[in-house]
Amino acid sequence: MSASPEAAPAAEALPGVAALAERFDGFIVDQWGVLHDGSRPYPGALDCLERLRAAGKAIVVLSNSGRREDANVRLMEEMGFPPRLFDRVVSAGEDAREAIVARATPFHARLGRRCHAFTRAGDRSILEGIGIDFVADVGEADFLAAIGIDSPRRNLPDYEEELRAGVARGLPMICANPDISRFHAGRLVDATGVLARRYEALGGEVFYHGKPWPAIYASCIAALPGCALGRVVAVGDSIEHDVLGAERAGLPCAFVEGGIHAEELGIPPGGQADAAAWAAFETRAVARPRFRVPVFAW
Numbered sequence: 188m189s190a191s192p193e194a195a196p197a198a199e200a201l202p203g204v205a206a207l208a209e210r211f212d213g214f215i216v217d218q219w220g221v222l223h224d225g226s227r228p229y230p231g232a233l234d235c236l237e238r239l240r241a242a243g244k245a246i247v248v249l250s251n252s253g254r255r256e257d258a259n260v261r262l263m264e265e266m267g268f269p270p271r272l273f274d275r276v277v278s279a280g281e282d283a284r285e286a287i288v289a290r291a292t293p294f295h296a297r298l299g300r301r302c303h304a305f306t307r308a309g310d311r312s313i314l315e316g317i318g319i320d321f322v323a324d325v326g327e328a329d330f331l332a333a334i335g336i337d338s339p340r341r342n343l344p345d346y347e348e349e350l351r352a353g354v355a356r357g358l359p360m361i362c363a364n365p366d367i368s369r370f371h372a373g374r375l376v377d378a379t380g381v382l383a384r385r386y387e388a389l390g391g392e393v394f395y396h397g398k399p400w401p402a403i404y405a406s407c408i409a410a411l412p413g414c415a416l417g418r419v420v421a422v423g424d425s426i427e428h429d430v431l432g433a434e435r436a437g438l439p440c441a442f443v444e445g446g447i448h449a450e451e452l453g454i455p456p457g458g459q460a461d462a463a464a465w466a467a468f469e470t471r472a473v474a475r476p477r478f479r480v481p482v483f484a485w
C-alpha cells in the first residue's frame, strides 16, 4: 500500500453498521471477508442483513468471485443467507462473461474462441454456452482466462510454466477475479488475481473485471432500486479492492477492520484498531475509507 493524498480525512470509527443505516439507503456489500469466510457466515453478519432489510434498505452483494451470479446466490444460500436479504449478487465473473458475449471493448473483440482457462475445481461456467472452445494446451489457445486458482492445493509457482508459455505466444488474458488472497477455512490463501499479476510481471497483457474498476459499480448502482447516489455506501475489507474501487466510483466506503487486514492492524477478532494503529495504517493505504467498523455486525 502506498501513501494516500494528505487531504483525505481520517476514517470515522463506528461501533457497527447500525450507524450507517441512519445515513444510507443503499448498501454495496463485499462477500468474502465481510459476510463469510468461504465456509461459514461471520458472527453477526446474517443478523445485520436481516436488520438492514427490516429497515427497508436496498442491498447488493458485490464479489470479485469468478463464478456466475446464480452460483454465488446458491453458495450464500447454502451458508444460511436467504436470497430475500439482497436485491442482487454482482460478480466479476458475470461481468467478464457479459463483456465477452458483447465483445464490449477492442480487447474483448480480438480474444478469439479458443481459451485456456485457469479454474478452481474445474469451474469454467462463466464461459460455457457462449461459443468458447476450451483447450488444455496453451499452445492451442487464442487467449487465457484467469477464472480461479486451486489453492490451497495449488499455488502460484505451480502455474509458472503455463503463464510463461502464454507470454511467449503473446496471448491476452482476462482476469475474472482480481483478488490476490481469500479466506479459506479461517486462513488466507492465494486467489486468482495472483495469476494475472504474475502474467503482467512476465510481460503479458491482462484485462481485469471486478473491483477496483468502476464499471462493476455501475452495475451495482443500477440494481439498487430508488436509491439516490448520495445515499449509497460500499462496505468491504480490502483497501486495494473495496476501498479503492468505491473511491474510483465516487462512493463512500465503510472498511471492515476484522477482515483481510486484521493481522496488519494488530487486532483480535471483533476488535477495532486504536487511533495510533489506524493512523499508521492509513498513511500506507492506496485509498482511505470514509468509515471503519470492527466487523459487519449491527
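When we follow this note's numbering, the leftmost residue of the sequence shown carries the number 188, and every step to the right adds one.
Think of the CB as a built atom: it goes at the ideal place given N, C-alpha and C, for glycine as much as any other residue.
Note that this is a predicted model, so its numbers are computed, not measured.
Item                                                                                                          : Value
I317 versus R307 - alpha carbon distance                                                                      : 20 Å
Start-to-end residues for the alpha helix (DSSP H) that takes in C406                                         : For the record, residue 406 in the displayed sequence is Ser; it is not Cys. It spans 402 to 409 - the alpha helix (DSSP H) in which S406 sits, taken as one unbroken run.
Through-space distance from L382 to L343, alpha-carbon basis                                                  : 7 Å
Among A197, A296, F394, the one whose alpha carbon lies nearest that of P365                                  : F394
Pick from L207, P196, D337, S226 that is closest to G380, judged by C-alpha positions                         : D337
Helix, strand or coil at P439 according to DSSP, with G and I counted as helix                                : coil
DSSP bridge partner residues for A200 (one or two, in chain order)                                            : R479
Cβ-Cβ distance between A328 and A363 below 9 Å                                                                : no
Whole-angstrom distance between M360 and F211, CA atom to CA atom                                             : 38 Å
Residue closest to R418, alpha-carbon to alpha-carbon, out of A402, H428, P401, G437                          : G437
Bridge partners - L331, DSSP secondary structure assignment                                                   : H303, M360
Any chain B beta carbon closer than 9 Å to H295                                                               : Although the question refers to chain B, the structure presented lacks it and comprises just one protein chain.
Spatially closest choice to D310 from V288, A291, T292, R254, by CA coordinates                               : R254
Close beta carbons around G225, own chain, < 8 Å, minus the five adjacent residues each side                  : W219, R369, F370, H371, A372
Close beta carbons around P196, own chain, < 6 Å, minus the five adjacent residues each side                  : none
Cutoff 6 Å; reference R479; Cβ partners in own chain excluding five residues on either side                   : A198, A200, F442, E444
Inter-stretch contact (C-beta, 8 Å, three-pair minimum) for the segment 421 to 441 and the segment 389 to 407 : yes
Local Cβ density within 10 Å of R477, reported as buried at 16 or more and exposed below that                 : buried
Closest Cα partner of A449 within the set H303, V473, F214, G423                                              : G423
Buried or exposed (CB count within 10 angstroms, at least 16 for buried), R471                                : exposed
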